[in-house]
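In what follows, a single structure is set out as structure tokens and then discussed.
In UniProt numbering, the protein residues as written are 1 to 638.
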């Protein structure tokens, strides 16, 4: 006779989460590491009671903002290479609505996270309850329906027994690298507390296996033929290469056959920057060597990349007429992009197959070109490291965008002479070697992809699939939970910091030290560059008050109010002192780095397709529209 155990829906949920494991390459891990929560109307008496009652390994953290704790969960999954996750539980209504951005972030980055928003009554008898929205065209619509288009799998549990099939499907999706992303299970508050006689075997240990899929013989033979018949192949290292841990085999193939490597934001730190043939970031936020060499390539080997517009410079990065594509990806959809040859396989396994079959004597025909571009970049990086207000090359860069008087005004009011690019290189030289750096939005991702030299693998956590402002502090907190033994640094602009920084308090509450490097240029500098670089004047992107005066915010007081240690710096000497101090601290810290506007790096041999007004009163966009038309004429359109 089937043995059963009587549990509430919420108790059954928690018990099930505790029994899920992930197995890859012989390593077994609890798949659900823990749960972030903000209790409120709709989950405190259901999921909250279950978490209190159930004896489990789950680590439980109280969040301060639903989006903040959700972004921490996304970052955690990224740090764990999608092999462990956090669940996130919220109240109904606005608490659930705050998960929309989280789901978008997770979906765009293919990162698994389990979202458990509370929901209104399944019985509908008390309707409309507090925080319930009402629609004329359907009584079953709630706030949580907004999560449908942003979830890989979405379900609503309206009877306790539905939980079993829903969770089975949910974890199939969460543990598959092709479908990895946000899963939403909506929990009506009455159903959370309803009891059911669940089969005991539903709660037995469940192991989800990741079996590395090899390429077929057809795929492998065609791939070998493409490579051996190319003279100048190049490899794009995407996020899929990182999650597959393909770094070592990529290095061997690259070194043996002299094939250069370039990185996407998600793939960066799969291979350390010191590897001789690592040309760095590619595309709109890429470096000169990568963007110069990829134009020379006759074969692009994309390993685990989605070919986003930033990676491909809006599909203008390549020699359209002469470049072929070989795409290695676990996702068949992704492997079809750029009209490339599709190799549907685990990145590491496919590369091992290629390594064993590729002719030992095969060599690329780049000649001295690789050495030349690398040496030129070293000179440029040194120039950027030493930029200052008296540097003539800098004056040329800001011409027509930001006059010198305005720069002087900023320098005086912000009390700084720091240049963003120079500060970033200084930090790269100064932070502990095995540190994890976290970023997401603004001008910093461009500077970091170009200038940050990852000294250890998997040390670069850049959320650039959704580029979510506010991810940085929460992401650092999630990364610290994933790697408590390492120093974690959030690289964040003042615009992003204003958006969301509440999990700084959580890091102090749970003794998870994070370090916030806050680059303050008094506004949204990246978007200011975008508008001024396309014919617009500066409008609505600088932090000015009603008198049109530059606003200055004392971020140190805010951080100290939370209980963090804080410093404010306006020159390199002060920065060095602050860095020395935080290395000795065991508490979360913030360094307020006042940097001058327009002191970030610019694009190197790249172009980005953005919407430009076709009609203006002064014709200021005409030349940019002409450039756009020219660029699009030579780009891929599929």
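No residue lacks a Cβ here, since even glycine has one placed at the ideal position from N, Cα and C.
query                                                                                                                             : result
Buried versus exposed call for residue 539 [16 or more other C-beta atoms within 10 Å across all chains shown]                    : exposed
Reduced DSSP category for residue 289 - H, G, I as helix; E, B as strand; rest coil                                               : helix
Residue 568 in three-state terms, based on DSSP                                                                                   : strand
Extent of the continuous beta strand (DSSP E) to which residue 371 belongs                                                        : Premise fails: residue 371 lies in the alpha helix (DSSP H), 369–385, not in any beta strand (DSSP E).
Reference residue 311; option with closest CA among 345, 49, 237 and 146                                                          : 237
Residue 579, buried or exposed, once every other Cβ within 10 Å from all chains shown has been counted against 16                 : buried
Distance between residue 444 and residue 418 (C-alpha atoms, nearest Å)                                                           : 15 Å
For residue 368, the nearest candidate out of 61, 232 and 272 (CA to CA)                                                          : 232
Residue closest to residue 42, alpha-carbon to alpha-carbon, out of 20, 3, 119 and 78                                             : 119
Chain-order list of residues whose beta-carbon lies under 8 Å from that of residue 484 (same chain, five-residue window excluded) : 512
Spatial distance of residue 481 from residue 519 (CA atoms)                                                                       : 24 Å
Start and end residues, alpha helix (DSSP H) containing residue 194                                                               : Run containing residue 194: none; DSSP gives neither H nor E here.
Proximity below 8 Å, CB of residue 107 to CB of residue 152                                                                       : yes
CB contact flag (residue 475, residue 438, <8 Å)                                                                                  : yes
Those residues which DSSP pairs with residue 437 across a bridge                                                                  : 460 and 489
Cβ-based burial, residue 546 [other Cβ within 10 Å; buried from 16]                                                               : exposed
Test item: CB-CB of residue 173 and residue 183 under 8 Å                                                                         : yes
Host beta strand (DSSP E) of residue 34 (start-end)                                                                               : 32–37
Among 38, 251 and 135, nearest to residue 94 - alpha-carbon criterion                                                             : 38
Own chain residues within Cβ distance below 6 Å of residue 91, not counting five before or after                                  : 40, 41, 42, 43 and 118
Range of the contiguous alpha helix (DSSP H) that encloses residue 471                                                            : 471–482
As assigned by DSSP and simplified to three states, the class of residue 324                                                      : strand
Exposure of residue 306, with buried meaning 16 or more beta-carbon neighbours within 10 Å                                        : buried
The region 263–279 contacting the region 206–214, beta-carbon criterion three pairs below 8 Å                                     : no
Top-ranked residue by Cα proximity to residue 386, from 416, 422 and 355                                                          : 422
Anticipated Cβ contact below 8 Å, residue 442 with residue 75, distance rounded                                                   : Not really, about 17 Å apart at Cβ, beyond 8 Å.
Proximity of residue 22 and residue 31 at Cβ, strictly below 8 Å                                                                  : yes
Identified DSSP bridge partners for residue 21                                                                                    : 30 and 207
Other residues of its chain near residue 343: CB distance less than 7 Å, five sequence neighbours each side excluded              : 215, 219, 223, 326, 327, 328, 335 and 350
For residue 156, three-class secondary structure by DSSP                                                                          : strand
Secondary structure of residue 562, DSSP reduced to three states                                                                  : helix
Through-space distance from residue 420 to residue 599, alpha-carbon basis                                                        : 5 Å
Buried versus exposed call for residue 303 [16 or more other C-beta atoms within 10 Å across all chains shown]                    : buried
Strand pairing of residue 263, partner residues [DSSP]                                                                            : 237 and 281
CA nearest to the CA of residue 230, picked from 277, 362 and 333                                                                 : 362
Distance between residue 601 and residue 276 (C-alpha atoms, nearest Å)                                                           : 23 Å
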